[in-house]
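Here is the structure we will look at.
Here it is in structure tokens:
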């Protein structure tokens with residue numbers, strides 16, 4: 455194919471190998487937005503990468519939609535696309551965990567494909583001043599989804615361990631600590647007030663999550679109590 459290109463145009467061409475999806479991601483790394491397969495239009499790559507795109511007012515600026523998976527600033531997004539991704543991970547993590555490397559890759563590609571088929575993209579915010587969204591490269595997306603599958607197992611294992619400790623119970627000697635949460639006592643304690651504050655603070659986040667990931671908020675609340683040196687106590691029978 456290269457030999458068929460006129461010599462004066464060879465220097466202005468770049469060959470990308472791989473699936474259509476991978477080629478689209480490669481185009482994004484040059485400042486060119488994703489294009490439908492059947493769409494042909496003139497585009498101008500930005501030689502200075504993201505910074506040049508940020509300073510441009512062209513039509514290549516990406517506006518997130520409800521189906522997009524959004525990352526950035528270390529905050530968990532409540533965008534519907536993020537909820538859908540968490541649902542997919544909750545459905546697939548066990549097969550991923552027990553599968554071979556090839557199976558893991560198929561699972562990851564299947565999750566990514568379902569997001570794209572729903573009209574979503576994987577976008578990350580590259581600005582700390584105002585939202586500026588770019589599409590994440592396919593390998594970065596695979597890495598993020600793989601991490602979510604691994605974290606799903608750790609989260610459920612940690613929640614199970616905490617539940618087991620509560621069921622087993624350990625006799626406590628001495629007076630309760632300031633941030634202990636004591637069940638079965640009518641009067642408020644500092645620990646119980648702190649627990650109520652945490653529940654009120656994170657209720658909306660908990661309510662917005664799907665069933666498979668609500669445990670992450672529960673674990674975070676328990677860890678916050680433990681971080682204050684508190685324990686969960688109940689009167690001995």
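Residue numbers (my numbering): 455 to 691. By construction, the Cβ of each residue, glycine as well, lies at the ideal position given by its N, Cα and C atoms.
{"Query": "Return the CA-CA distance between residue 621 and residue 611, expressed in angstroms with no decimal places.", "Result": "Bear in mind that the predicted position of residue 621 carries a pLDDT of just 49, short of 50, making it unreliable; the figure below should be weighed with that in mind. Cα-Cα distance, rounded: 15 Å."}
{"Query": "Can you tell me which of the three DSSP states residue 512 falls into?", "Result": "Any reading at residue 512 must be qualified, since the residue scores a pLDDT of 42, below 50, and its modelled position is unreliable; no value is offered."}
{"Query": "Exposed or buried, what is residue 535 when buried is set at 16 or more other beta-carbons lying within 10 Å of its beta-carbon?", "Result": "buried"}
{"Query": "Looking at the unbroken beta strand (DSSP E) that takes in residue 685, where does it start and where does it end?", "Result": "First-last for residue 685: undefined, no H or E at that position."}
{"Query": "Which residue marks the beginning of the alpha helix (DSSP H) containing residue 656, and which one marks its end?", "Result": "644-662"}
{"Query": "Count Cβ pairs between the region 574-592 and the region 547-556 that sit closer than 8 Å; are there 3 or more?", "Result": "no"}
{"Query": "Give the C-beta separation of residue 687 and residue 630 to the nearest angstrom, bearing in mind that I take them to be a contact with Cβ-Cβ under 8 Å.", "Result": "6 Å"}
{"Query": "Using the beta-carbon count (16 or more within 10 Å), is residue 400 buried or exposed?", "Result": "Given that the chain is displayed from residue 455 to residue 691, the structure contains no residue 400 and the question cannot be resolved."}
{"Query": "Inspect the beta-carbon positions of residue 679 and residue 649 and report whether they are closer than 8 Å.", "Result": "yes"}
{"Query": "If you count every other CB in all the chains shown that lies within 10 Å of the CB of residue 645, and 16 or more means buried, which is it?", "Result": "buried"}
{"Query": "Which of the three DSSP states is assigned to residue 560 in this structure?", "Result": "helix"}
{"Query": "Can you give me the Cβ contacts of residue 659 inside the same chain, cut-off strictly under 7 Å, excluding the 5 residues immediately before and after it?", "Result": "671"}
{"Query": "For residue 632 and residue 657, I'd like the C-alpha separation in whole angstroms.", "Result": "24 Å"}
{"Query": "Please give me, in chain order, every unbroken run of the alpha helix (DSSP H) with length at least 4 that falls completely inside the region 523-608.", "Result": "534-552 and 555-571"}
{"Query": "In chain order, what residues of the same chain lie with their CB nearer than 8 Å to the CB of residue 520, ignoring the 5 residues before and after it?", "Result": "533, 534 and 535"}
{"Query": "Use the C-beta contact count for residue 754: other C-beta atoms within 10 angstroms, 16 or more gives buried, fewer gives exposed.", "Result": "Residue 754 is absent from the structure shown; the chain starts at 455 and stops at 691."}
{"Query": "Measuring straight from C-alpha to C-alpha, what distance separates residue 674 and residue 681?", "Result": "10 Å"}
{"Query": "For residue 583, which option in 661, 526 and 665 has the closest C-alpha, if you only look at C-alpha atoms?", "Result": "526"}
{"Query": "Just mark residue 684 as buried or exposed, buried being the case when its beta carbon has 16 or more other beta carbons within 10 Å.", "Result": "buried"}
{"Query": "Looking only at its chain, what residues have a beta carbon closer than 7 Å to the beta carbon of residue 607, apart from the 5 residues adjacent to it on each side?", "Result": "547 and 551"}
{"Query": "Mark residue 628 as exposed unless 16 or more other C-beta atoms lie within 10 angstroms of its C-beta, in which case mark it buried.", "Result": "exposed"}
{"Query": "Hey, how far is the Cα of residue 517 from the Cα of residue 636?", "Result": "49 Å"}
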